[in-house]
Structure formats: C-alpha cells, structure tokens
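Engineer:
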Amino acid sequence: MIVKLYKVHLFFVFIFSTLIATSQVSNGLRIGAGVGGNIYCGSQVDEKLSFNTYNKSEVSLGINVQLYKAIDYKNEIGIRYLNTELWSFKTSDQQALNAKINEFAVLYQRSLNGNSDLYSNRFNFTHNLVVGLSLISFKSRTYSVNPATKVFTVISSVGNGIEPTSLGLIKPDAQMALGGILGYNIGVRLSESFSLYLENTFTLSASNYITGNLASKSKYLNNGYTYNALTLYINLNPNGNRLGCPKF
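0 is the number of the first residue of the sequence shown in numbering that gives the first Met the number 0; add one for each residue after it.
(1) Less than 8 Å between the C-beta atoms of threonine 90 and asparagine 37, yes or no?
(2) Short check: CB of leucine 229 to CB of glycine 77, under 8 Å?
(3) What is the rounded straight-line gap between the Cα of leucine 213 and the Cα of serine 133?
(4) How many Å lie between lysine 170 and glycine 158 at the Cα?
(5) Taking the alpha-carbon of tyrosine 118 as reference, which of Gly33, Asn54, Ala147, Val187 has the nearest alpha-carbon?
(6) By a C-beta neighbour count over all protein chains shown, 10 Å radius and 16 as the cutoff for buried, is glutamine 23 buried or exposed?
(7) May I have the straight-line CA-CA distance separating aspartate 92 from arginine 140, to the nearest angstrom?
(8) Excluding the five sequence neighbours on either side, which residues of its own chain have a C-beta within less than 8 Å of the C-beta of isoleucine 233, listed in chain order?
(9) Flag this pair as yes or no: are the beta carbons of tyrosine 196 and valine 129 separated by less than 8 Å?
(10) What separation, rounded to the nearest whole angstrom, lies between the Cα atoms of arginine 79 and glycine 167?
(11) What is the DSSP secondary structure of tyrosine 232, counted as helix, strand or coil?
(12) I need the DSSP call for threonine 210, collapsed to helix, strand or coil.
(13) According to DSSP, simplified to helix, strand and coil, what is threonine 90?
(14) Within 10 angstroms of its Cβ, does glutamate 162 collect 16 or more other Cβ (buried), or is it exposed?
(15) Cβ of asparagine 114 within 8 Å of Cβ of tyrosine 72?
(16) Measure from the alpha carbon of methionine 175 to the alpha carbon of each residue in Tyr67, Ser49, Ala98, Gln43, then state which is nearest.
(17) Which of the three DSSP states, helix, strand or coil, is assigned to phenylalanine 137?
(18) For leucine 235, count neighbouring C-beta atoms within 10 Å of its own C-beta (all shown protein chains included) and say buried if the count is 16 or more, exposed if not.
(19) Do serine 136 and glycine 178 count as a contact pair if the criterion is CB distance below 8 Å?
(20) Check whether the Cβ atoms of glycine 41 and asparagine 221 lie closer than 8 Å to each other.
(21) Taking the Cβ atom as the reference point for each residue, do isoleucine 154 and threonine 164 lie within a distance shorter than 8 Å?
(22) According to the neighbour-count rule (16 or more other Cβ atoms, all chains shown, within 10 Å of its Cβ), is leucine 60 buried or exposed?
(23) Check whether the Cβ of isoleucine 169 lies closer than 8 Å to any Cβ atom in chain C.
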C-alpha cells in the first residue's frame, strides 16, 4: 500500500511539473491554493451540525492545491489535491467517526457564461458546473464516547495499523477508494494575474469504510463529504494571447 501511494504522489507531481513547464508556451493556465471546510455526509450523522463537541468540530479544515487549463471559452480541465479530515457525532454524541483524507481528483469545469479563462471583455466573473473523478486515500476510526468522562474508545479501525478495538474490528492498512465529484463554483478576476474562486463540491466515496465502521454491513454507497473553499489562483501566462479556437 505504501508503494502504491508513493506512485500516486509521483504521478500527480509529474502532471503538475509538466503543465507548469508547458505554461511558458500556453495560454489559459492557472494554479492556485486555498482553504475551506469539509462536512461529512452519510449514514453516520444526526440532525444537527456541531462546531464544538468534545473540542472537535464537524466542519473540518481542508487545504487544496489545484491546476487548470482552459480548453476554450466554455471548457476547462484540471487536477486537485485536497488534504482534510472528517468528524461526525451521533447517538446523543455517544458515537463518533474520524477520517483523515488525501484526495487526488481530475475535474472538468463547464463555464455557464462562456468565460472559463476570466478574460471576457463583458464579464469579470465566471460561474461553473464541476464534475470529476477522484482517488481517495484514507484512514478512519469509529469511537464510542463516554459523555461524563469524555473518553473516546475505539470501536473499529481502518488504516491505523494494529491497535486494540472494543469490537475487535480492524483493517490495518490505509485504504484507497474511487470517488465521484459534483459541484459549482464562482470565480472573480482580481487583476490580470490573479483570480479568486468560491468553490463548492460534493464527493461520494465508493467505499463505506470511510466511516471506520466495520460493523456496518450496508451495501449502499451512502458516505461522502462536501468541500466549500476560497482558492486564490495565479495566471501563469498573464501576457499571453487570449484563447483562440478550441484545442485538445
């Protein structure tokens, strides 16, 4: 598993390096980094969103790095790396899950106002429909919590090595799963070289182990997470020619 994850990291580093090098002779290329909040969505939630349960929040910090290439005025393709974790509490805060996540995604964006590269003379903004596929590497645990003592006891564990669990349920190796992404974002041109995007995506995981709950036998893919972020982008070739005909 470690070797596989290492190869995945090398693959994405290669893509970033290649596209950055290509930016010297290409137009419509932007790279950015941002921060936002993740919220778990799935079977292991209750009806309320908590910001401070046992000093933990169900809105978790997520950091992203992204790179996009505008193909034409309506279409854009890119990649995203997201590092975050998820917390969720239910059963009167007596049960909790935690997942640590690294997500590598390939995304397609369709500009809804024909301004994918944010250089239209008519608009200084764009709003986009987003779809994509991701590879998710994760470690997770399910806990029981004593509300009086605030002691967390591991019920089952995924990807955290050999550790004691109250139910004896464990998968020691870090897991990988495919994910489907759907989203919507709004971008604003700040200057010729900079743009700011409000990005909103939902990722549906193809593995229910993302909850760390190995006792669940559900066959339905009902676990995922939202990511809402502000990302600042730099146009890597601000003085280049504007986009011409579509090119692939």
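By construction, the Cβ of each residue, glycine as well, lies at the ideal position given by its N, Cα and C atoms.
Structural biologist: The answer reads as follows:
(1) Your numbering for residue 90 matches position 91 in the sequence shown. Your numbering for residue 37 matches position 38 in the sequence shown. No, they are not a contact pair.
(2) Position 230 of the sequence shown, counting from 1, holds the residue named residue 229. Position 78 of the sequence shown, counting from 1, holds the residue named residue 77. No, these two residues do not count as a Cβ contact at 8 Å.
(3) In the sequence shown, residue 213 corresponds to position 214, counting from 1. In the sequence shown, residue 133 corresponds to position 134, counting from 1. Cα-Cα distance, rounded: 23 Å.
(4) Position 171 of the sequence shown, counted from the first residue, corresponds to residue 170. Position 159 of the sequence shown, counted from the first residue, corresponds to residue 158. C-alpha separation (whole angstroms): 6 Å.
(5) Reading the sequence shown from its first residue, position 119 is the one you call residue 118. The option with the nearest alpha carbon to tyrosine 118 is Val187.
(6) As a working mapping, residue 23 is identified with position 24 in the sequence shown. Unreliable positioning characterises glutamine 23 in this predicted model, as indicated by a pLDDT of 43, which lies under 50. The coordinate reading is nonetheless provided below. Glutamine 23 is exposed by the Cβ-count criterion.
(7) Translated into the one-based positions of the sequence shown, residue 92 becomes position 93. Translated into the one-based positions of the sequence shown, residue 140 becomes position 141. The alpha-carbon of aspartate 92 is positioned some 15 Å away from that of arginine 140.
(8) Residue 233 sits at position 234 when you count from the first residue of the sequence shown. Excluding sequence neighbours, isoleucine 233 sits near Arg29, Ile30, Gly31, Ser192, Phe193.
(9) Numbered from 1 along the sequence shown, position 197 holds the residue referred to as residue 196. Numbered from 1 along the sequence shown, position 130 holds the residue referred to as residue 129. No.
(10) Translated into the one-based positions of the sequence shown, residue 79 becomes position 80. Translated into the one-based positions of the sequence shown, residue 167 becomes position 168. Rounded to the nearest angstrom, the two C-alpha atoms are 36 Å apart.
(11) Counting from one through the sequence shown, the residue named residue 232 turns up at place 233. Strand.
(12) Within the sequence shown, residue 210 is the residue found at index 211, counting from 1. Three-state DSSP puts threonine 210 in a helix.
(13) On the sequence shown, position 91 is the one that residue 90 refers to. Correct three-state label for threonine 90: coil.
(14) Sequence index remark: in the sequence shown, residue 162 carries index 163 (1-based). Exposed: under 16 other Cβ atoms inside 10 Å.
(15) As a position in the sequence shown, residue 114 is number 115, starting the count at 1. As a position in the sequence shown, residue 72 is number 73, starting the count at 1. Yes.
(16) For the purposes of this step, residue 175 is identified with residue 176 of the sequence shown, where counting begins at 1. Among Tyr67, Ser49, Ala98, Gln43, the Cα nearest to that of methionine 175 belongs to Ala98.
(17) Here residue 137 refers to the residue found at position 138 when the sequence shown is read from its first residue. Residue state, collapsed to three classes: strand.
(18) Working through the sequence shown from its first residue, we reach residue 235 at position 236. Result: buried.
(19) Within the sequence shown, the letter at position 179 stands for residue 178. Within the sequence shown, the letter at position 137 stands for residue 136. No.
(20) On the sequence shown, position 42 is the one that residue 41 refers to. On the sequence shown, position 222 is the one that residue 221 refers to. Yes, they are a contact pair.
(21) To locate residue 154, count along the sequence shown from 1; it is residue 155. To locate residue 164, count along the sequence shown from 1; it is residue 165. Contact flag set, yes.
(22) As a first step, residue 60 must be located in the sequence shown, where it is residue number 61. By the 10 Å Cβ count, leucine 60 comes out exposed.
(23) Here there is only one protein chain, and chain C is not present.
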